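Working notes, structure below.
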Amino acid sequence: MSSALLARQAWNPETDELDLARLYPALQTYCPIVHDLSPQQALFLLLDCREGFYGGAAGGGKTWALLAAALQYVDVPGYAALLLRRTFPQLSQPGQLIATSKEWLGPTDAVWNEQQKEWRFPSGAVLKFGHVKDENAVFNYQGGAYHYIGWDELTQFTPSQFEYVSFSRQRRDLRMQELGVPIRVRAAANPGGIGHAWVKKRFLDQRSPSTVFIPAKAADNPGLDVADYIENSLSHLGDILRRQLLDGDWGAFEGAAFHKFDPAVHVVPRFELPSSWERFESVDPGINNPTAWLAWAVDHEGNLLVFDSVYTDEGEGLPSKVAPRVLARRELWASTVAHTDPSAWNRSGGLNRWGLPASLATEYEDAGVQLSPANNDPRAGYARLRELLEPDPRRLYPDWHPRAREPGAPRLFIIGETCPELVEQLPAAPLQPIEKRLAGEIIDPDWESAYGHAVASARYGAMSRPDASDLPAGPPPEPRTVAGVEENRRRVSDRSRYQY
Ligand SMILES: Nc1ncnc2c1ncn2[C@@H]1O[C@H](COP(=O)(O)OP(=O)(O)O)[C@@H](O)[C@H]1O
Ligand SMILES: [Mg+2]
Numbered sequence: 016m017s018s019a020l021l022a023r024q025a026w027n028p029e030t031d032e033l034d035l036a037r038l039y040p041a042l043q044t045y046c047p048i049v050h051d052l053s054p055q056q057a058l059f060l061l062l063d064c065r066e067g068f069y070g071g072a073a074g075g076g077k078t079w080a081l082l083a084a085a086l087q088y089v090d091v092p093g094y095a096a097l098l099l100r101r102t103f104p105q106l107s108q109p110g111q112l113i114a115t116s117k118e119w120l121g122p123t124d125a126v127w128n129e130q131q132k133e134w135r136f137p138s139g140a141v142l143k144f145g146h147v148k149d150e151n152a153v154f155n156y157q158g159g160a161y162h163y164i165g166w167d168e169l170t171q172f173t174p175s176q177f178e179y180v181s182f183s184r185q186r187r188d189l190r191m192q193e194l195g196v197p198i199r200v201r202a203a204a205n206p207g208g209i210g211h212a213w214v215k216k217r218f219l220d221q222r223s224p225s226t227v228f229i230p231a232k233a234a235d236n237p238g239l240d241v242a243d244y245i246e247n248s249l250s251h252l253g254d255i256l257r258r259q260l261l262d263g264d265w266g267a268f269e270g271a272a273f274h275k276f277d278p279a280v281h282v283v284p285r286f287e288l289p290s291s292w293e294r295f296e297s298v299d300p301g302i303n304n305p306t307a308w309l310a311w312a313v314d315h316e317g318n319l320l321v322f323d324s325v326y327t328d329e330g331e332g333l334p335s336k337v338a339p340r341v342l343a344r345r346e347l348w349a350s351t352v353a354h355t356d357p358s359a360w361n362r363s364g365g366l367n368r369w370g371l372p373a374s375l376a377t378e379y380e381d382a383g384v385q386l387s388p389a390n391n392d393p394r395a396g397y398a399r400l401r402e403l404l405e406p407d408p409r410r411l412y413p414d415w416h417p418r419a420r421e422p423g424a425p426r427l428f429i430i431g432e433t434c435p436e437l438v439e440q441l442p443a444a445p446l447q448p449i450e451k452r453l454a455g456e457i458i459d460p461d462w463e464s465a466y467g468h469a470v471a472s473a474r475y476g477a478m479s480r481p482d483a484s485d486l487p488a489g490p491p492p493e494p495r496t497v498a499g500v501e502e503n504r505r506r507v508s509d510r511s512r513y514q515y
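Using our numbering, the first residue of the sequence shown is number 16, and each one after it goes up by one.
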């Protein structure tokens, strides 16, 4: 049945209002706010799709919506619902899921089991609370056992946790189907946080047609005095954080490492590179994690261009598998060496074919791919990338850029079509949270090792101190262009401005 049809059935003609208790009698008994739901919350409960996401804005009523949705069918024998947070304290804090459930269900005939962290209803239905503290903890929850799985603050989970629990072992439950109980996966989150990028991609940018996204703002929550809430709790926050929490803005986020990254500036269409541009590569090698291999070129003015990439899937990073792909591309790339993290030379325990201690680097060398150790200092690498991406009012865009010769160019560009992961990861990269910082700003290492392989690779490449390529000998083909090039070259050879 469609949500519109459901909504029609829930409409109370006498009061001229939506009354979800007409459709879901369990809510009448177990959800004290059933008559005070905000329009967003009501719609969330009426969704009949498999996946639904309630996104954006603190105080948007997300936690309450997830709990209310879990209770919709607790009068059906055999119904089971699971509500998840990343950590146990997040579940049990005042105002959060468990405490709210105790307020709602404490006065009813539902019975709380502290050991199991679950409510049992007279019908036999169960509502369980769980947390997923690491990747192994997902095995505690076999998705197929639940008809409803609700994820609160989804950005704190990893995509594999979400997928494993939500979609593993789904079984068809014909009896429940006959009783009209849908199989539902529901999630809610504010923008920002470590999983911002994957959640945005899955539920906003590349949402499947059958998934529904409900934007929620603090202003939509009937229980909040919005003016007060903004005045007292949000007014001291930074601008981006406030926009994110208040408006549920998924575009900007506080703590973005590369907030100056702008696809209109840094991403360029594909074009044929002059053979006189020097080439090199960078790589963040992973065996179980993705391997991110980037091909770079330097033009005659010192602009850097990431022009191609090889990005492996998880678990496809063995040097014996990656090396042939890189070697095949190197003919196109016309490059010979890849800069990488010196940890690639750490001994892996085995021996190479010459009987010498093996490492990731020696394995690549054996496979015919040469690596070179790069500066892997995270602070210096981050600062260099920031500087390369920073628009400089005195610098002209190169002739091969759509904005050719306009002032205000940065020094690092990316061909988006062939390097999609780098284009996706740069704007998604978060800074290390302030409370964890020892000294100076760096990209959040937890994010980088989980999601930021192309960004790590770009750090190694940017740290390899590339100089402008020498102009080719012989008569220049286009005097007008070359005059500009010469002029720009003179400017960038003024190294003091770039502090190499
Ligand atoms: N439908 C509602 N009616 C009345 N008060 C509500 C309603 N939904 C939420 N609230 C109030 O707003 C506060 C924030 O709701 P919550 O679900 O925790 O928001 P979020 O999880 O989006 O931050 C709750 O503590 C509650 O007091
Ligand atoms: Mg909440």
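For each residue, glycine too, the CB sits at the ideal point set by N, CA and C. These numbers come from a predicted model, not from an experiment.
Assuming residue i and residue j form a contact by the criterion Cβ under 8 Å, report the distance between their Cβ atoms to the nearest whole angstrom.
{"i": "W166", "j": "K215", "result": "Not a contact, Cβ separation roughly 15 Å."}
{"i": "A84", "j": "L60", "result": "5 Å"}
{"i": "W360", "j": "P388", "result": "7 Å"}
{"i": "V283", "j": "W308", "result": "With 8 Å as the limit, V283 and W308 do not qualify as a contact, their Cβ atoms being about 20 Å apart."}
{"i": "H468", "j": "D323", "result": "In fact, because the Cβ distance is near 16 Å, the residues do not count as touching under 8 Å."}
{"i": "N390", "j": "G383", "result": "Contact flag wrong, Cβ pair sits at about 25 Å."}
{"i": "L386", "j": "L404", "result": "At roughly 25 Å, the Cβ-Cβ gap does not stay under 8 Å, so L386 and L404 are not in contact."}
{"i": "L112", "j": "R100", "result": "7 Å"}
{"i": "A373", "j": "L366", "result": "6 Å"}
{"i": "I164", "j": "S181", "result": "6 Å"}
Please tell me whether, using a cut-off of 8 Å, the distance from the CB of residue i to the nearest non-hydrogen atom of ligand 2 is below it.
{"i": "T306", "result": "no"}
{"i": "Q56", "result": "no"}
{"i": "Q108", "result": "no"}
{"i": "A203", "result": "yes"}
{"i": "D235", "result": "no"}
{"i": "E168", "result": "yes"}
{"i": "Q111", "result": "yes"}
Does the beta carbon of residue i fall short of 8 Å from some heavy atom of ligand 1?
{"i": "P206", "result": "no"}
{"i": "G76", "result": "yes"}
{"i": "N390", "result": "no"}
{"i": "G67", "result": "no"}
{"i": "L99", "result": "no"}
{"i": "L35", "result": "no"}
{"i": "S53", "result": "yes"}
{"i": "G165", "result": "no"}
{"i": "I458", "result": "no"}
Under 9 Å between the Cβ atoms of residue i and residue j?
{"i": "E118", "j": "W127", "result": "no"}
{"i": "D459", "j": "P442", "result": "no"}
{"i": "L219", "j": "G70", "result": "yes"}
{"i": "F136", "j": "D90", "result": "yes"}
{"i": "Q87", "j": "L120", "result": "no"}
{"i": "D328", "j": "P289", "result": "no"}
{"i": "F295", "j": "L400", "result": "no"}
On the three-state DSSP scale, how would you describe residue i?
{"i": "R190", "result": "helix"}
{"i": "V282", "result": "strand"}
{"i": "F405", "result": "Per the sequence shown, the amino acid found at residue 405 is Glu instead of Phe. Here E405 sits in coil by DSSP."}
{"i": "F136", "result": "coil"}
{"i": "S175", "result": "helix"}
{"i": "I429", "result": "strand"}
{"i": "F273", "result": "coil"}
{"i": "H468", "result": "helix"}
{"i": "E493", "result": "Reliability of the predicted coordinates at E493 is poor, the pLDDT of 41 falling under 50, and the value obtained from them is presented with this limitation in mind. DSSP places E493 in coil when its eight states are reduced to three."}
{"i": "G476", "result": "helix"}
{"i": "I209", "result": "coil"}
{"i": "I164", "result": "strand"}
Taking 8 Å as the cut-off, is the beta-carbon of residue i closer than that to any non-hydrogen atom of ligand 4?
{"i": "P230", "result": "Questions concerning ligand 4 fall outside what the structure shown contains, since the ligands it does hold are ligand 1 and ligand 2."}
Under 9 Å between C-beta atoms, does residue i make it to chain C?
{"i": "V313", "result": "Absent from the structure: chain C. Only one protein chain is present."}
Using the C-alpha atoms, what's the distance from residue j back to residue i?
{"i": "L319", "j": "H162", "result": "52 Å"}
{"i": "G489", "j": "S291", "result": "The predicted model places G489 with a pLDDT of 48, which falls under 50 and marks its position as unreliable, so this point remains unresolved."}
{"i": "T30", "j": "R452", "result": "56 Å"}
{"i": "P174", "j": "W213", "result": "7 Å"}
{"i": "L142", "j": "A465", "result": "32 Å"}
{"i": "E493", "j": "D414", "result": "At E493, the pLDDT of 41 sits below 50, so the modelled position is not reliable; the number obtained from the coordinates is stated separately. E493 and D414: Cα-Cα distance of roughly 12 Å."}
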